[in-house]
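In the UniProt record's numbering, the protein residues as written are 1 to 354. A short write-up of the structure that comes next.
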Ligand code: NAI
Ligand code: MG
């Protein structure tokens with residue numbers, strides 16, 4: 001019996017998630033055959049369709065059902081007829097939090113054949129490490145006097161020493177394996193309690209990791225610098241909200257949000273980690289078969305790496321790059337290939353060599 005057997009929960013979810021997740025399983029199944037490991041997929045029909053039938057995004061014991069799996073591969077959730085906070089807080093956020101996936105890793109590189117809105121983008125090779133379970137995404141607060149002129153909303157951000165320490169340590173250790181440069185996104189001039197606290201804890205954690213230079217940069221200036229000089233950045237550590245915004249920005253600089261992957265990681269591996277493209281369900285193109293599967297495929301590569309299948313993970317990235325250098329591109333990148341056609345090109349690249 002193969003000791004390299006993995007059980008992965010699949011949540012294709014909504015919209016183009018239903019198109020790009022099957023692309024990823026086709027490719028991973030092919031990699032499993034070539035690299036000698038076994039994949040068992042557990043298909044979960046959760047998401048908005050499930051919501052319309054059952055009044056919730058996943059079953060009451062959904063988290064429990066996922067807990068004995070090795071990883072989760074997710075497409076996207078979000079439906080035009082449902083409020084986004086319902087879909088997000090009904091599925092994604094509970095999974096991230098219950099499984100303590102406190103690191104949200106978002107690598108961005110410029111793949112072949114991509115036209116960036118920037119003039120000089122070759123040097124762009126950045127990993128955003130986004131804090132994933134606290135910060136500005138908090139349920140603390142409330143609304144009162146609804147519908148009256150006195151109506152108000154209070155939204156608290158939650159920053160803990162434990163939460164900042166562990167994400168900063170992960171980011172610093174990652175920077176040490178790359179080019180040794182860590183940028184911390186802050187706003188300690190305007191947000192006067194949580195951000196100075198963030199700065200202090202990040203600085204003290206990073207000082208313990210050898211070979212890492214830390215820069216603390218205000219988020220607004222950082223956004224501008226990323227557009228002007230993307231090659232200056234290596235690893236960026238950011239709070240939940242700042243990291244979310246920066247990673248979409250950087251992904252767009254690299255050509256399309258359709259190519260960008262993410263990993264929601266529980267570093268101590270007490271719980272499954274979850275891998276998903278950063279894009280959403282893209283209702284504007286859903287059902288047309290034209291979605292770019294690269295973000296999903298790259299996410300699957302991050303998953304394989306996490307599972308210990310580094311060779312297969314690298315082979316997958318090489319095959320994606322081969323297909324793209326051969327000019328097979330989806331519409332978001334100016335090409336004419338559909339999802340299936342692109343996926344077939346990746347499968348061909350896999351079997352013809354690497
Ligand atoms: P989106 O990422 O779904 O789409 C933004 C634009 O990018 C659209 O024009 C879309 O066609 C294009 N696009 C996205 N992915 C693409 C791909 N793979 N190939 C080609 N083009 C692609 O973001 P939007 O429109 O703001 O949100 C749509 C829904 O998705 C909302 O309900 C939102 O809440 C949800 N969403 C879910 C996320 C998740 O599941 N993690 C993340 C972001 C949004
Ligand atoms: Mg986002």
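Just so you know, even glycine gets a beta-carbon here, dropped at the ideal spot from N, CA and C.
Same chain, Cβ closer than 6 angstroms to residue 300, five either side skipped, listed in chain order | 24, 28
So what does DSSP say about residue 39, is it helix, strand or coil?
-> strand
Within 7 angstroms: the Cβ of residue 77 and any heavy atom of ligand 1?
-> yes
Mapping DSSP to helix, strand and coil, what is residue 274?
-> strand
Sequence-distant residues of the same chain with beta carbon closer than 7 angstroms to residue 321, five excluded per side | 111, 112
Evaluate contact between the stretch 118-130 and the stretch 234-243, counting only Cβ atoms and requiring at least three cross-stretch pairs below 8 angstroms.
-> yes
Name the residue from 266, 227, 19, 64 whose alpha carbon lies nearest to the alpha carbon of residue 252.
-> 227
Sheet register partners of residue 181 (DSSP bridge) = 213
Compute every distance between the C-beta of residue 281 and the non-hydrogen atoms of ligand 1, then say whether any falls below 7 angstroms.
-> yes
Taking buried to mean at least 16 other C-beta atoms within 10 Å of its own C-beta, is residue 293 buried or exposed?
-> buried
May I ask you to report which of helix, strand or coil DSSP gives residue 159?
-> coil
Measuring CB to CB, does residue 172 end up less than 8 angstroms from residue 205?
-> yes
Taking only beta-carbon atoms, is residue 218 less than 8 angstroms away from chain B?
-> Included in the structure is just one protein chain, with no chain B present.
Which two residues bound the contiguous alpha helix (DSSP H) that contains residue 188?
-> Here residue 188 belongs to no alpha helix (DSSP H), and DSSP marks it neither H nor E.
Taking only heavy atoms of ligand 1 into account, decide whether any of them is closer than 7 angstroms to the Cβ of residue 92.
-> yes
Between the CA atoms of residue 268 and residue 167 - distance to the nearest angstrom | 12 angstroms
Would you identify the three-state DSSP class for residue 240, choosing helix, strand or coil?
-> helix
Please find out if some non-hydrogen atom of ligand 1 comes closer than 7 angstroms to the beta-carbon of residue 177.
-> no
Can you have a look at residue 334 and say buried or exposed, based on whether 16 or more other CB atoms are within 10 angstroms of its CB?
-> exposed
Does the Cβ of residue 20 lie closer than 7 angstroms to at least one heavy atom of ligand 1?
-> yes
Distance, Cα to Cα, residue 289 vs residue 310?
-> 30 angstroms
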